[in-house]
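Asker:
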Amino acid sequence: MMPLSKVKIYRLTVMLEEKIDYYAHGRRIARHDPTRRYELMSLKYPNSKNDKGVRQPLLPVLDDSNDAISRSPLASLIEGQDPDEIATNLLNPNGPWTLQLQANLPTCSSPIHFTCKHTRSNMIISHWIKIMIRVERGDDAQMDKGKRKQFDIIVETPVHILSVRWYHHPHIFSILTLLCAV
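Numbering (the numbering used here), first residue to last: 5 to 186.
(1) Name the DSSP bridge partner or partners of residue 26?
(2) Which residues share a DSSP beta bridge with residue 103?
(3) Using 8 Å for Cβ pairs, my map puts residue 78 next to residue 44. What's the rounded Cβ distance?
(4) If residue 165 and residue 116 are in contact, beta carbons under 8 Å, what's the gap, nearest whole angstrom?
(5) Does residue 75 come out as helix, strand or coil in the three-state DSSP assignment?
(6) Would you kindly work out how many angstroms separate the C-alpha atoms of residue 62 and residue 37, rounded to a whole number?
(7) Below 6 Å CB to CB, which residues in the same chain sit around residue 18 once its five sequence neighbours on both sides are set aside?
(8) Report yes if the C-beta distance between residue 94 and residue 139 is below 7 Å; otherwise report no.
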């Protein structure tokens, strides 16, 4: 996504949502379970007690000190990458900023269910990855009176959650081995 004007990013959150629908005869919905949300990752500056509600933006990095990036919540994202390239990218006040994130899914022992969208099933379990970006208009030419409004940009896409044990099934493993050999 490319913004049309300057923005400041205050929070970046990645969530997994699970929705379960139960069906009765005739494929009518009999019941909905409440949507479950699992936070996979959240990046924001922590509130300090003397800020009085003013939070520092994640991007652009406005701090002029030498260790600004190492003190930023974005420091965990630059591991294994060229630090000079990342510093140039993040310290650019105008963007665009490129971030590569890895959000880990909950483990098998978590209460998350596997995706089930079988047509004959009386229960449909569906999942979505939701990326939420909290932004504020960053151009100082149009100053608003008082506190500036922050907006949430939400990007949502469906995903399929499978069991980690499906890969170890002998029949599937032999098919995957044959397909990879071709």
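C-beta atoms are modelled at their ideal positions from N, C-alpha and C, and glycine is treated no differently. Computed from a prediction, not measured in an experiment: that's the story for all the values here.
Answerer: This is what the structure holds:
(1) 35 and 127
(2) Residue 103 is not bridged to any residue.
(3) Going by Cβ atoms, the distance from residue 78 to residue 44 rounds to 16 Å, so no, they are not a contact pair.
(4) 7 Å
(5) helix
(6) 35 Å
(7) 44, 45, 107 and 135
(8) no
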